[in-house]
Ligand SMILES: Nc1ncnc2c1ncn2[C@@H]1O[C@H](COP(=O)(O)OP(=O)(O)OP(=O)(O)O)[C@@H](O)[C@H]1O
Ligand code: SF4
Ligand SMILES: [Mg+2]
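Chains as they are written, first to last, in the working numbering: chain A, 1142 to 1456; chain B, 859 to 1185.
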């Protein structure tokens, strides 16, 4: 296992280097001279421009710029936001906890609903419970998040007055308020993913339940509950984990529409604002952070895989 | 004396898109303690379905009728909870595909321990010791180390030994083995058959061996039940059946016995194909392929009749000896 981990982490490094090259390359393609933009009022003064160029290393050859940029990134320096006029790293660090909290809550809701529903509908295949679960899942997949969000606000905030309609309170400030402000968007995001997880869990479980080892487990005299929850589920979870990691990655890269509907100041809103204002350093910073999150989640999924499926341990 | 396992008029039907299909029709046999009965027949004749019906492991679209008594208890009627005690406890089963019959996600040791603990009060450490002893008994080298191994690390033959250890670990009175050696190569086949014979002699466990290979029958069984198209064609002791087969189908099978040292196309010499349960021929189901067929065969269902002591056959023309005498 230790050897596997070392090898797997080793494989990540080239991936991350590639990602960094890509992001750096995109940066070069972006329109507009950063020095001109940063200079603002003083953009007519060649001395100021030269000074800014020197500060940003824009006067060096590209490969040197890349190495310097990478070096900065590794030290946590992601550049400077043109619009907010603050370090990108600081801006991202402010928004990241919001998105992570919302993403994890949504993911937990998705797993708690999607996986058990998938198991039940696989076990009750072609019977009423399966039809109901499939119908609800289809409804879940085809309901746009923003619409579900608006409906929830109308019901729980406007009519019932149970939950605040929008805004965000940090966990560290007041955890109750924080949960109250995030539960609706988390539910909206979570149910959409629950539907996808449910369908994947169902098909993986249907397949597992038809395997010979399930018949062996029954032939031993095990209770059906153990046959399902131990023998079949353990094998069915493998494809579900991959999907789960991808979905969690999507959640952690910010849910633009849902954040807009609930006015949650997370990644989604940050990116949209940055794109509309051509605040490229922020866009890049977010892309970089999201890419790293994806790579790490993939690693986590691989490790889980191997824990569940011993055949891969020697591969 | 009540037999250990008694099957009477077992019939199994499946609900399919084309309506109810009866795959097994009126199968009866009984098994005394310590005896080894082989069920033989071509692919699709209902051997596995018969075995799974006895274990009550048929697919949900199946319906089993008739009676299956295990030590007097009506297996088809007991509640599920009792059935789970019987399964693995009194009647165990191993399957054709050792590669897929073990769960890839658990060590072989865990899977044996699970069976032991399901049917006894053994503590985890006792169960572990018993499992290791069984691994040794089925001649798996270095059993302590193998205990912690995952199935994918073992060869097909080793996995079938694990399956046997798992099935025998709860000391069942009957072991059903559905083509346990078909997927293995010839030398391993012989070893597994030896092992099964030896274990059955030592423990007194009776065996129902399902095979389509008469070589395997000769190797292991006391008695043989020949099935054709969901019905019993003939039943006798191994010696009687091999010496004086009385059903044309059995005679056909004999002509196609593969030798253990050769890869012979099995049972290929009987002309024609096995009919499908969706369209059984009327009268004798073997009629379309039978060299002895007469007009009556196509309309009358031949009853299973005594053709000698402890020897029954379902053929209008039986006994066939008179043809041999005339020739
Ligand atoms: N779940 C099912 N639904 C419909 N038909 C089935 C089902 N299971 C088995 N059958 C049919 O029952 C018949 C007997 O099958 P069975 O598996 O018992 O054959 P077998 O004698 O074991 O053959 P083999 O040597 O190939 O294992 C086949 O025609 C098969 O198609
Ligand atoms: S009854 Fe007729 S068709 Fe059937 S096996 Fe006997 S001789 Fe052949
Ligand atoms: Mg079979």
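Note that beta-carbon positions come from the ideal geometry of N, C-alpha and C, so glycine has one too.
Here the structure is a predicted model, which is why all the values come from computation and not from measurement.
Not flagged as an interface residue toward chain A: residue 888(B), since no C-beta distance is shorter than 8 Å. Per DSSP, residue 1393(A) is one residue of the alpha helix (DSSP H) stretching across 1374-1393.
By the 16-neighbour rule on beta-carbons within 10 angstroms, residue 1417(A) is exposed. Taken through DSSP and simplified to helix, strand or coil, residue 933(B) comes out as coil. In the structure shown, residue 895(B) falls within a strand segment according to DSSP collapsed to helix, strand and coil. Remark: the shortest separation between the CB of residue 905(B) and any heavy atom of ligand 3 falls under 7 Å. Taking residue 1008(B) as the centre and dropping the five residues before and after it, the same chain places the C-beta of 965 closer than 6 Å to its C-beta, in chain order. Distance between residue 1155(B) and residue 1263(A), taken at the CA atoms: about 47 Å.
Counting the other CB atoms within 10 Å of its CB gives residue 1147(A) a total below 16, which places it among the exposed residues.
Secondary structure note for residue 1086(B): it is in no alpha helix (DSSP H), and the uninterrupted beta strand (DSSP E) holding it is 1081-1086.
With contacts defined by Cβ atoms closer than 8 Å, residue 890(B) and residue 862(B) form a contacting pair. Beta-carbon to beta-carbon, residue 949(B) and residue 1030(B) are separated by about 6 Å, close enough to satisfy the 8 Å threshold. DSSP places residue 1171(B) in the strand class (E or B) of the three-state scheme. Identification of chain A residues near residue 942(B) by a Cβ-Cβ cut-off of 8 Å yields 1362, 1363, 1364, ordered along the chain. In the DSSP assignment, residue 952(B) forms a beta bridge with 1035(B). At a Cβ-Cβ threshold of 8 Å, residue 1028(B) and residue 974(B) count as neighbours. The contact set of residue 1216(A) on chain B, defined by CB atoms closer than 9 Å, is empty, because the minimum CB distance reaches about 43 Å. When secondary structure is reduced to three states using DSSP, residue 1009(B) falls in the helix class.
For residue 1254(A), the enclosing alpha helix (DSSP H) starts and ends at 1229-1264. Below the 9 Å Cβ cutoff, chain B contributes 961, 969, 972 as neighbours of residue 1358(A), in chain order. None of the residues of the region 1216-1240 of chain A has a beta carbon lying less than 9 Å from any beta carbon of chain B. In this model, residue 1399(A) and residue 1451(A) are separated by some 39 Å (Cα to Cα). Bounds of the beta strand (DSSP E) holding residue 874(B) are 863-874. Separation of residue 934(B) and residue 914(B) (C-alpha to C-alpha, rounded to the nearest whole angstrom) is 7 Å.
Set against 7 Å, the gap from the CB of residue 1106(B) to the closest heavy atom of ligand 2 is smaller.
Per the C-alpha coordinates, the member of 1082(B), 1157(B), 1095(B) positioned closest to residue 899(B) is 1082(B). Of the candidates 1088(B), 1100(B), 1086(B), 1139(B), 1100(B) places its Cα closest to the Cα of residue 1073(B). Its Cα nearest to that of residue 1109(B), the residue 1149(B) stands out among 906(B), 1149(B), 1042(B), 1090(B).
Taking a contact as a CB-CB distance under 8 Å, the pair residue 1044(B) and residue 1019(B) does not count as one, their CB atoms being some 17 Å apart.
Contact note: residue 1376(A) reaches chain B through 961, 962, 963, using a C-beta cutoff of 9 Å and chain order. At a Cβ-Cβ threshold of 8 Å, residue 880(B) and residue 869(B) count as neighbours.
Taking a Cβ-Cβ threshold of 8 Å, the residues of chain B close to residue 1354(A) are 958, 959, 960, 961, 962, in chain order. Within a 10 Å sphere around the beta-carbon of residue 1150(A) sit fewer than 16 other beta-carbons, which makes this residue exposed. Identification of chain A residues near residue 955(B) by a Cβ-Cβ cut-off of 9 Å yields 1353, ordered along the chain.
Of all residues in the region 910-928 of chain B, the ones placed with a Cβ closer than 8 Å to any Cβ belonging to chain A are 913, 915, in chain order. Secondary structure at residue 1310(A): coil, using DSSP grouped into helix, strand and coil.
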